[in-house]
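**Q** Supplied in C-alpha cells, the structure appears directly below.
Encoded structure:
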C-alpha cells in the first residue's frame, strides 16, 4: 500500500471528529477558533479519541460518586431519624400506653427502612434508563425478538417503575401516620398527671419530638419528596405551637420564652432547606 493511500485512509478516519467538533459548537462561537479546533481534531484524531475516552470515564466516575454520596446521605438521615425515635422510646419507660408506644416505635423503624429502600429504588429506575437484565430475559424466553421485544421490555420497565412509585407513596403515608400517631400516644399516656415534674417532662418530650420531626423533614427533603416534606413541616409547626403554649401556661404570661424559639428554629428553618441544597451540590 502506497503512502498516499495510507494518508487518505488516515484523514478519512478523522473526518467524523471534524463533524463532531462542528456540531458540538453551540451559539455564535468564534469561527476561527472552531476551524482551528476542527483542524486539530482532523489531523490528530487518535489523540482526540483518547481525550474523549478520558472525559467519558471521568463523567461516569463522577456520576457514580454522586450516586454513592446520595445513598450515603439518605441512609445517614434515616439513622438520625431512628436515633430520635429511640431517644423518645427510652424517655417514656413507663406509662399506661408504653407497650403501644413501643409497638409504634418498632413499626416506625420498619417503615423508615422501607421508605428509604423504595426511594432509592425509584431513583435508580428513574435515572437508569436501560431496562434490567431480568426484564429482557423474560421476553427472550418467550421468543420475542427485534423491535417488538425492545418495545415490550421498555413497557415492562415503565410499568415496574410506576409500581415502585405506588409502593413508595404507600410507604410514605404509613411512615407519616406512624410519626403523627407517636405524638398522640405520648399525649394520652400523660393525661391526668399535671404535676410539676410532668410539666418538665412534657416540655422535654416536646423538644424530642421537634428533633424527631426535624430529622424526618431532613430525610424527606433529601429524598426530594415534596408531599412528605409538606406534611412533616406541618407536624413540626404543630409541635412548635404546642411547646410555645406549654411555655405560656407555665410562665403564666403571654410572653414566649426565647429558649422555645431556639428549640424550634434549628429544626424548622435549617433542616427544611438543607436536604435539597445538599442533593443538588
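Residue numbers (the numbering used here): 922 to 1202. All residues carry an ideal CB built from backbone N, CA and C; glycine is no exception.
1) So, with DSSP's three-state summary, where would you put residue 1066?
2) Between residue 1120 and residue 994, what straight-line distance do the alpha-carbon atoms span, to the nearest angstrom?
3) Going by C-alpha distance, which of 1062, 1039, 1126 is nearest residue 1083?
4) Should residue 1104 go down as buried or exposed, given a rule of 16 or more other Cβ atoms within 10 Å for buried?
5) CA-CA distance, residue 1116 and residue 1152?
6) Any contact between the stretch 995-1007 and the stretch 1129-1143? By contact I mean 3 or more CB pairs, one from each, below 8 Å.
7) Buried or exposed: residue 923, going by 16 or more other Cβ atoms within 10 Å of its Cβ?
8) Look at the alpha carbon of residue 962 and the alpha carbon of residue 985, and state the distance between them as a whole number of angstroms.
9) Could you say which of 1094, 1107, 1052 lies nearest to residue 1080 if we only look at CA atoms?
10) Taking the straight line between their C-alpha atoms, what separation do you get for residue 1144 and residue 954?
11) Jot down the residue ranges of each uninterrupted beta strand (DSSP E) in the stretch 1011-1061, minimum 3 residues, whole runs only, in chain order.
**A** Taking the coordinates as given:
1) As a first step, residue 1066 is located in the chain shown; it is residue number 145 there, counting from the start. Coil.
2) Along the chain shown, read from residue 1 onward, the residue named residue 1120 stands at position 199. Along the chain shown, read from residue 1 onward, the residue named residue 994 stands at position 73. Distance between the alpha carbons of residue 1120 and residue 994: 36 Å.
3) Position 162 of the chain shown, counted from the start, is the residue given in the question as residue 1083. If we check each option's Cα against that of residue 1083, 1039 comes out closest.
4) Looking up residue 1104 in the chain shown gives position 183. Under this definition residue 1104 is a buried residue.
5) The sequence position of residue 1116 within the chain shown is 195, counting from 1. The sequence position of residue 1152 within the chain shown is 231, counting from 1. Residue placement at residue 1116 is flagged as unreliable, the pLDDT there being 49, under the threshold of 50; the coordinate-derived value follows with that caveat. If you take the alpha carbons of residue 1116 and residue 1152, they lie about 32 Å apart.
6) Between the stretch 995-1007 and the stretch 1129-1143 there are three or more inter-stretch CB-CB distances shorter than 8 Å, so the stretches are counted as touching.
7) On the chain shown, residue 923 is found 2 positions in, with the first residue counted as 1. Residue 923 should be labelled exposed.
8) The sequence position of residue 962 within the chain shown is 41, counting from 1. The sequence position of residue 985 within the chain shown is 64, counting from 1. Looking at the two C-alpha atoms, the distance is approximately 29 Å.
9) Position 159 of the chain shown, counted from the start, is the residue given in the question as residue 1080. Per the C-alpha coordinates, the member of 1094, 1107, 1052 positioned closest to residue 1080 is 1052.
10) As a position in the chain shown, residue 1144 is number 223, starting the count at 1. As a position in the chain shown, residue 954 is number 33, starting the count at 1. Residue 1144 and residue 954: Cα-Cα distance of roughly 43 Å.
11) Qualifying beta strand (DSSP E) stretches: none in this window.
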